[in-house]
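Trainee: Mind looking over this structure? Questions follow.
Protein chains: 2
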Amino acid sequence: MEKKNILDDVMKRRFLNSSFEIYDGIARFYDLGPLGTKLYENIIECWKLLFVKQERSLHIKCPVITPAKVLSASGHLQRFTDVFVKDMQTGEMFRLDHLISDNLNARLSTIDKNNDVFRQYEEIISSLNHLTIQEMQSIVEEYSILSPSTGNQLSKPFERNLMFKTVVGSSDDVYLRPELSQSAFVNFTNYYLYNKGRLPFAVSQIGSAFRNEATTRSSGITRLREFTLAELLYFFDPQQTSHPKYKSVKDVQLNFLSACAQREDKQAENISLEEAVNRNLVNEIMAYFFAKTQLFFREIGVDVSKLRFRQHSSNELAHYAKSCWDAECLTSSGGWLECAGISDRNCFDLENHTRVSKSALTFNRSLTIPVLKKFKEFEFAISMPDELVDRLNDKTNEEKEEIERQLNENGEFYVKDFTEVVCLKRGLVKLVESLKEVDTEQAFAHVIEPSFGIERIMYTVFDHNLRLRKNNERKVYFTFPANISPIKCKVFPLGSNDDHKMLASKVDEYLHSNGIECELDDARLSIGKRYVKSDEIGTPYGVTVDFDSLLEPHSVTLRDRDSTMQVRVPIESLVDILNNLISGKVTFESLTDQFPIFTGQLQSKTTN
Amino acid sequence: MEKKNILDDVMKRRFLNSSFEIYDGIARFYDLGPLGTKLYENIIECWKLLFVKQERSLHIKCPVITPAKVLSASGHLQRFTDVFVKDMQTGEMFRLDHLISDNLNARLSTIDKNNDVFRQYEEIISSLNHLTIQEMQSIVEEYSILSPSTGNQLSKPFERNLMFKTVVGSSDDVYLRPELSQSAFVNFTNYYLYNKGRLPFAVSQIGSAFRNEATTRSSGITRLREFTLAELLYFFDPQQTSHPKYKSVKDVQLNFLSACAQREDKQAENISLEEAVNRNLVNEIMAYFFAKTQLFFREIGVDVSKLRFRQHSSNELAHYAKSCWDAECLTSSGGWLECAGISDRNCFDLENHTRVSKSALTFNRSLTIPVLKKFKEFEFAISMPDELVDRLNDKTNEEKEEIERQLNENGEFYVKDFTEVVCLKRGLVKLVESLKEVDTEQAFAHVIEPSFGIERIMYTVFDHNLRLRKNNERKVYFTFPANISPIKCKVFPLGSNDDHKMLASKVDEYLHSNGIECELDDARLSIGKRYVKSDEIGTPYGVTVDFDSLLEPHSVTLRDRDSTMQVRVPIESLVDILNNLISGKVTFESLTDQFPIFTGQLQSKTTN
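So the protein sequences, as listed, match chains U and A. Going by the numbering used here, 584 is the number at position 345 of the first sequence; the sequence numbering is gapless. Going by the numbering used here, 524 is the number at position 285 of the second sequence; the sequence numbering is gapless.
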């Protein structure tokens, strides 16, 4: 079996399942079972440690249901689309870039590698990200690509929105959020004030996002319609693009694949962040989050030699992004999988929401040199309440001029946004222009957004940690780091007799009550088969209660998943030993200095 | 200001906000800000400790999008409805029970308490839960209740489904889940096998649920359209209704309000679980989860003297429940708020999904005495592959009889669910009845489901912990238990001079790096005002850096939220002291034995 198939098999048997399977499922939705959920939660915990706790982010929780007007202002209603073609007879839809690449990939397998056509097809496939709709349509025509289901002609390409729509109350159009960040943008002022009116600060959120993906590709959990995003928004003054912690990471090396290198068909370069900043590939803030992303990936068991940061070409950029780099991981299916994106969203969102909502989502920038600024203020010939004067003078110049215009035209103006309606009369109030020295100005914060697709990251963790035993390739194990493993320790009674079972159950309760994530496996299977099942879910350690365990002083064997080596340890030391192993304070190998390597029981009564 | 208004004000200023406020919001959706999110996550953590870790539940994660066929089988499509009436002119909809109770409540305020009519209105309001649609309509007619918005006539009552609908792909009808448990029911067999084919076991899940509520009542976060449920499903053999841990909780006292007591207009009774079990109010499993629910509520700071378990009347039960008890909390608005429900769902869901999906969601019950059972098996006159024989004989008796009927009628039958299509011929195969001794039988597990509404619980935690300072009622504080408080310790520089600020910032970094959830408050406000702000979010402890702190040995004052008392402690002891206080190992009062009570600085240069 190919590695990808072995992986799919063990993932589905042990960690997750297609949702609503007894009703034949629903495409691109998955359930995480008890083990899948633990792995998922451990990955989330690690992300929270690195991106919430360490960054002291303002962590928030907002609804997935989002009003149409918010998503119209953010551009998603108009531009969050994929390009499709339809089967002219059946109406079936295909995502155009996937259709072309699947079609040409199928042709590749029938052509000699040295043939010019082979090279030509390969070039098209690798350039698909950068093509316009018209260019893709020309390819469909040139290569006479037809519907893969029926062989029928295909329609012209069209764009379709990827958001799920529903209705709140009896008539309000809303959508399920396609990303989390809009709720943070519209609340910018709250978080800015929470941070005492200072920049920079980070807002983070973890939650479900929804995209009505349509592709015929089978892709397991790497292209779900409901999936988890972990997002951080770093708000900063665009005049201050340094990052306080950049110095501590500047020597970190990563694989960079710039848009320019892609156009020239070059490979990724392994360079330091400092070099990337000096070459103007990224600024310090971007660089800092690249380092943090790589650190996160390493912590959860991704092989970072298979991680690269790939820059989007201008055709590929989301509508809100000024620039974007994807963190991509090479998986055993042979392709690079986008697992995170670090976008420079500029002030696109804050500016648009300010324009549409008329609420200024700006910050106060202190000016080093005060400037003179023109002001228009109302002056009153009669005494007016201070609050009313302030209310009027807090308006924008445009609003003030409109009031002045109405006063001139109608002779009066009704102020309706005050505690009581007040009528201003022409002649008793006038708009006066003056120059004032100001030492602050209103400006839009810029935003760098690292955004992580948790299910895809989980898939990569599975893929990079899958191993086959050298002596038996049907035995599969996962080398998950202990902190990520769903279960830290399995407890096995060796035989099926009651003494073993009872003591094993006590050991399990003892570890559990001491906070060690463990599980008893007293299934009626040989100990060897139970070890295989434990390895198959990446459990780093196993404790076996055998005949010798029943003798005083009570001891058990402790087995290491990766080396399959065992040592014999006293039960009362078990909690300390396991805690030290799980936290990485000691290695399993070092235990052999202290405890005897287990090769067989003294009181051997069964063999396995 | 009334307590309820004070609470609403401080909740909205400090913890949460109406979603998408800059676009005038969207009714019944809320964002949790940084502090609200921490409180929420701490409550969730506590639930996970008690209901996932301690119960060793199989914790899962499933999508919110659910196919229509699943919700049809579960009865939600037909019966998950509220009863509404419409304004005959404007079409505005009102939830009927709320309409009646709001209308009569308004009348109550104009009537003398001793009047018979008063008593009559009160009776109707308290009986609304138990009335049929027809009975409610009669009340509308009898009391001439009109549209509260316009005074127009109202339509006849009608039922409306509460689920949000959307479309997946281009045509599949799906709904946002109104509860979490359906995904666990349809996966029953997976979890049963994960638990090695044994009962009982628990499956838990935490996540968003969605209900398109329509009521004109303003209700903050207590009636959201998108909200969080924490659910546990306890699957057990209905022949075994004992619970292994019941004995440890049987003496726990709780407030019970049975359906019978409600009919007789009696108050809740405070009795032990043992008495409740003996009186057949609940079984042991229900009783155990009542105790656990009360424990959870106490841990997070709910005043359990204001907690009661109220039984649903038969009119009030959800369509899937055989019986249900709500855990209700008395809040300062005067009403009882449903915060959790513990339902006996019987085998309603498993049976319905089995019937509709044709997948047997059953368990294997061992029989103490083997029984003889009739079997129908195919016998073949010619040799057939074993797999085919097994495939045919694994079918149900009904399916086998159908094959026999077709054989008799058509002379042949095509087996299509085998690796290849096989044609059976009449005469070469016959269905034979035999008696066999069996020692297991297939049966449906029953389910007890404790289900918690997290936002309502959070509201109760706010409500039960709100206090006003005796010396100044405008000073509000929350007595959250330390483990629930969003922030455990604030760090304050006393004055605005740089020495104070720098040392305070160091202390803050020191506590943070030692894992204490702290926050620096160096805003330009007097120390007194900053204490008020810290109390207002329920921060249990505060550290102040003052002039004496700058002298060696460096010390700070440590302030207690509830008593406002301060002690002076060395900086190097701070981590230990705070950890002991937060975990409850020591009380603040006991610190005064060890450290001097702070009344004023030696080096006093400012006063506050």
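Glycine included, C-beta positions come from ideal geometry on N, C-alpha and C. Since the structure is predicted, the reported quantities are computational estimates derived from the model, not experimental observations.
Roughly how many whole angstroms lie between the Cα atoms of E513 of chain A and F440 of chain A?
Mentor: For E513 of chain A and F440 of chain A, the distance between alpha carbons rounds to 23 Å.
Trainee: Just by C-beta distance, which residues in the segment 297-314 of chain A are closer than 9 Å to chain U?
Mentor: Under the 9 Å Cβ criterion, the segment 297-314 of chain A contributes L297, H298, I299, K300, C301, P302, V303, I304, T305, P306, K308, V309 and A312.
Trainee: Going by DSSP, what residue range makes up the beta strand (DSSP E) through K612 of chain U?
Mentor: Per DSSP, K612 of chain U belongs to the beta strand (DSSP E) from F602 to F619.
Trainee: Just to confirm, is the Cβ distance from F529 of chain U to I510 of chain U under 7 Å?
Mentor: No, they are not a contact pair.
Trainee: Report buried or exposed for K277 of chain U, applying the criterion of at least 16 other Cβ atoms within 10 angstroms of its Cβ.
Mentor: Classification for K277 of chain U: buried.
Trainee: Going by DSSP, name the residue or residues bridged to Y414 of chain A.
Mentor: DSSP output for Y414 of chain A lists A:T305 and A:K404 as bridge partner(s).
Trainee: I think R197 of chain U touches D321 of chain U, with their Cβ atoms under 8 Å apart; what is that distance to the nearest whole Å?
Mentor: Since the first residue of chain U shown is 240 and the last is 847, residue 197 of chain U is not available in this structure.
Trainee: Name, going along the chain, the residues of the segment 809-823 of chain U whose beta-carbon falls closer than 8 Å to a beta-carbon of chain A.
Mentor: Listed by position, the residues of the segment 809-823 of chain U near chain A (Cβ gap below 8 Å) amount to none.
Trainee: Using the Cα positions of P396 of chain A and V379 of chain A, report the straight-line distance between them to the nearest angstrom.
Mentor: The alpha-carbon atoms of P396 of chain A and V379 of chain A are separated by roughly 10 Å.
Trainee: Name the two residues that bound the continuous beta strand (DSSP E) containing Y262 of chain A.
Mentor: Where Y262 of chain A is concerned, there is no enclosing beta strand (DSSP E), given that its DSSP letter is neither H nor E.
Trainee: For K740 of chain U, which residues of its own chain have a beta-carbon under 6 Å away from its beta-carbon, when the five flanking residues on both sides are left out?
Mentor: Only P732 and D761 meet the Cβ criterion.
Trainee: Smallest Cα separation from H703 of chain U: which of U:S788, U:S822, U:E538 and U:E638?
Mentor: Considering only alpha carbons, the answer is U:E538.
Trainee: At 8 Å on the CB atoms, spell out the chain U contacts of L764 of chain A, in chain order.
Mentor: Neighbours of L764 of chain A on chain U: none; closest Cβ ~10 Å, over 8 Å.
Trainee: Go through its chain and collect everything with a Cβ distance to S387 of chain A's Cβ below 8 Å, but skip five positions before and after it.
Mentor: The question names Ser, yet the displayed sequence has Pro at residue 387 of chain A. Correct list, in chain order: F333, L338, D341, N342 and T455.
Trainee: What residue does the beta strand (DSSP E) around D583 of chain A start on, and which one ends it?
Mentor: Element bounds for D583 of chain A: W575 to N585.
Trainee: State the Cα-Cα distance for the pair S497 of chain A and N585 of chain U, rounded to the nearest angstrom.
Mentor: Computed Cα separation, rounded: 60 Å.
Trainee: Tell me the residue span of the alpha helix (DSSP H) that contains I282 of chain U.
Mentor: Note, I282 of chain U: alpha helix (DSSP H), P273 to W286.
Trainee: Which residues does DSSP pair with F474 of chain U in a beta bridge?
Mentor: The partner list for F474 of chain U (beta bridge, DSSP) reads U:F440 and U:V686.
Trainee: Excluding five sequence neighbours on each side, which residues of the same chain lie with their C-beta closer than 7 Å to the C-beta of V595 of chain U?
Mentor: Excluding residues within five positions, the ones whose Cβ falls inside 7 Å are A312.
Trainee: In chain U, what lies closer than 8 Å to I265 of chain A by C-beta?
Mentor: Result: I304, P306, V407, D411 and V413.
Trainee: N344 of chain U: which of U:L576, U:I364, U:S544 and U:N649 sits nearest, CA to CA?
Mentor: Nearest C-alpha to N344 of chain U: U:I364.
Trainee: Residues of the segment 456-470 of chain A in Cβ contact with chain U at a cutoff of 7 Å, in chain order, please.
Mentor: So the close ones are R464 and E465.
Trainee: Can you list, in chain order, the residues of the segment 319-335 of chain A whose Cβ is nearer than 7 Å to any Cβ on chain U?
Mentor: The residues in question are M332.
Trainee: Ordered along the chain, which non-local residues of its own chain (more than five positions away) have a Cβ less than 6 Å from that of T845 of chain U?
Mentor: Here T845 of chain U scores only 44 on pLDDT, less than 50, and its place in the model should not be relied on; the value that follows carries that caveat. Excluding sequence neighbours, T845 of chain U sits near G734.
Trainee: Under three-state DSSP, which class holds R807 of chain A?
Mentor: Strand.
Trainee: Starting from K325 of chain U, trace the beta strand (DSSP E) both ways and give me its first and last residue.
Mentor: It spans T320 to K325 - the beta strand (DSSP E) in which K325 of chain U sits, taken as one unbroken run.
Trainee: Note down, in chain order, every chain A residue with its Cβ under 7 Å from the Cβ of I261 of chain U.
Mentor: Chain A residues near I261 of chain U: V425, H592, S596 and S598.
Trainee: I need the DSSP call for M623 of chain U, collapsed to helix, strand or coil.
Mentor: Looking at M623 of chain U - three-state DSSP - the assignment turns out to be coil, as it is neither helix nor strand.
Trainee: Would S794 of chain A pass as an interface residue toward chain U - the criterion being a Cβ-Cβ separation below 7 Å?
Mentor: Cβ-Cβ to chain U under 7 Å: no for S794 of chain A.
Trainee: Are the C-beta of K242 of chain A and some C-beta of chain U separated by less than 7 Å?
Mentor: K242 of chain A does not count as touching chain U.
Trainee: What is the residue span of the beta strand (DSSP E) that T658 of chain A lies within?
Mentor: Looking at the DSSP string, T658 of chain A is not in any beta strand (DSSP E), and its letter there is neither H nor E.
Trainee: Please confirm whether T718 of chain A has its beta-carbon closer than 7 Å to some beta-carbon of chain U.
Mentor: Taking Cβ atoms only, chain U never reaches closer than 7 Å to T718 of chain A, which makes this a no.
Trainee: Return the CA-CA distance between T831 of chain U and K287 of chain U, expressed in angstroms with no decimal places.
Mentor: Looking at the two C-alpha atoms, the distance is approximately 35 Å.
Trainee: Report the neighbours of D270 of chain U on chain A: residues whose CB is nearer than 8 Å to its CB, in chain order.
Mentor: Simply I299, K300, C301, P302, S422 and N426.
Trainee: Might you give, ordered along the chain, the residues of its own chain that have their beta carbon closer than 7 Å to the beta carbon of Y431 of chain A, omitting 5 neighbours on each side?
Mentor: Excluding sequence neighbours, Y431 of chain A sits near F602.
Trainee: Any beta-carbon of chain A closer than 7 Å to the one on T371 of chain U?
Mentor: No - not a single Cβ of chain A is within 7 Å of the one on T371 of chain U.
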